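Numbering (the numbering used here), first residue to last: 832 to 1165.
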């Protein structure tokens, strides 16, 4: 692995100058800054982040990247990882990326520069190529809820497309033929896969997929509420709605009830994730279970094994399957 001496030699400057550039110290010439940064890129040098630093100078911490630390879904994920970390007498460092490549990159750099010995990343913004390169630098890096083909053995994911298929299929089996879909407006694989699963189920059961039955919004309660407003404004014949997640479903439920539409007698609604909210909205939400706790357990255990240079016999992604949770928000079509 490259050292600061190697970088200084490649850049043709002193170690002291190299150190000043790395630490953004003042009074450093532009020529030196350009030369040192070029050398760092060429040699793959990252301060405190190469494999040797992770092993021999570990902070005894596990780094975790989530989309939004305030979201309950990610709270469950972090709690599951923290449980394993506590058993291993390790600490957790958590960063938020908000599905934005630059924010994810900055958060990951902070975790790496804190010498985390393993990383569990929920990254949606960074490219496959960048994550593949990062995996080569950080032996203990594992991705959760994403599949990058070149590092598939380090990926823990859910079959989102299958989950949306199951949700839509359940509505169809309850006699519904005019089924709306409330989709996430975020440009991420989860959103694309779940929308595709909805259309897959319609096609397989001989039902025409209609674009006017689909509305997009932010993947939260307000987004779901507004999307349902838009669906109702179109005056369609829908008798059921499948949603991107439970938050959007909750917003949908509130809007329908405020407009005197009985659930499930006049409109059936199904969610996705099976978060805590699904049990406490009224009526209790039929949804698709996303086993994030099991997935997080698997991810952190794999990360620790890789960071410890243990032999892991796996060449493919670990793919978890979604399951249907029947509650009270879906009924037979009238």
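Each residue gets a CB set at the ideal place from its N, CA and C atoms; glycine is no exception.
Since this is a predicted model, take the numbers as computed values, not measurements.
| request: Grab me the residues of residue 978's own chain with a C-beta within less than 7 Å of its C-beta, minus the 5 sequence neighbours each way, in chain order. | output: Only residues of its own chain outside the window of five on either side were considered, and among them 986, 988 and 1148 have a CB closer than 7 Å to the CB of residue 978, listed in chain order.
| From what residue to what residue does the alpha helix (DSSP H) around residue 850 run? | 846-853
| request: Just the C-alpha distance for residue 852 and residue 864, rounded to the nearest angstrom, thanks. | output: 6 Å
| task | Go ahead and pull the three-state DSSP assignment for residue 1101. | result | strand
| said: Assuming residue 1143 and residue 1133 are in contact, meaning their beta carbons sit under 8 Å apart, how far apart are those beta carbons, in whole angstroms? | reply: 7 Å
| Assigned exposure category for residue 953 - 16 Cβ within 10 Å defines buried | buried
| task | Could you say if the region 902-914 and the region 1115-1126 meet the contact criterion of at least three C-beta pairs nearer than 8 Å? | result | yes
| said: Please tell me whether residue 1006 and residue 1053 are closer than 8 Å, where the distance is taken between their beta carbons. | reply: no
| query | Should residue 834 go down as buried or exposed, given a rule of 16 or more other Cβ atoms within 10 Å for buried? | reply | So residue 834 ends up on the exposed side.
| task | Would you identify the three-state DSSP class for residue 1055, choosing helix, strand or coil? | result | helix
| task | Assign residue 924 to one of three DSSP states: helix, strand, or coil. | result | Strand, per DSSP.
| Inter-residue spacing [alpha-carbon to alpha-carbon] between residue 895 and residue 943 | When rounded, the distance between both Cα atoms is 10 Å.
| Using 8 Å as the Cβ pair cut-off and three pairs as the minimum, do the region 1098-1109 and the region 1038-1049 touch? | Under the 8 Å Cβ criterion, the region 1098-1109 does not count as touching the region 1038-1049, having fewer than three qualifying pairs.
| field | Assigned secondary structure, residue 947 (DSSP; H/G/I helix, E/B strand, else coil) | value | coil
| message | Pop quiz: residue 1026 and residue 1056 are said to be a contact at Cβ under 8 Å. What is the actual Cβ separation, rounded to whole angstroms? | response | The beta carbons of residue 1026 and residue 1056 sit about 19 Å from each other, so the pair does not count as a contact at 8 Å.
| request: With DSSP as the reference, please indicate the residues paired to residue 1151 in a beta bridge. | output: 989
| field | Spatial neighbours of residue 1050 in its chain, beta-carbon cut-off 7 Å, leaving aside the 5 residues before and after | value | 1015, 1017, 1075, 1076, 1078 and 1079
| Going by the CB atoms, is the gap between residue 1128 and residue 915 shorter than 8 Å? | yes
| query | Alpha carbon to alpha carbon, how far is residue 837 from residue 922? | reply | 32 Å
| Other residues of its chain near residue 949: CB distance less than 6 Å, five sequence neighbours each side excluded | 893, 971, 1134, 1135 and 1138
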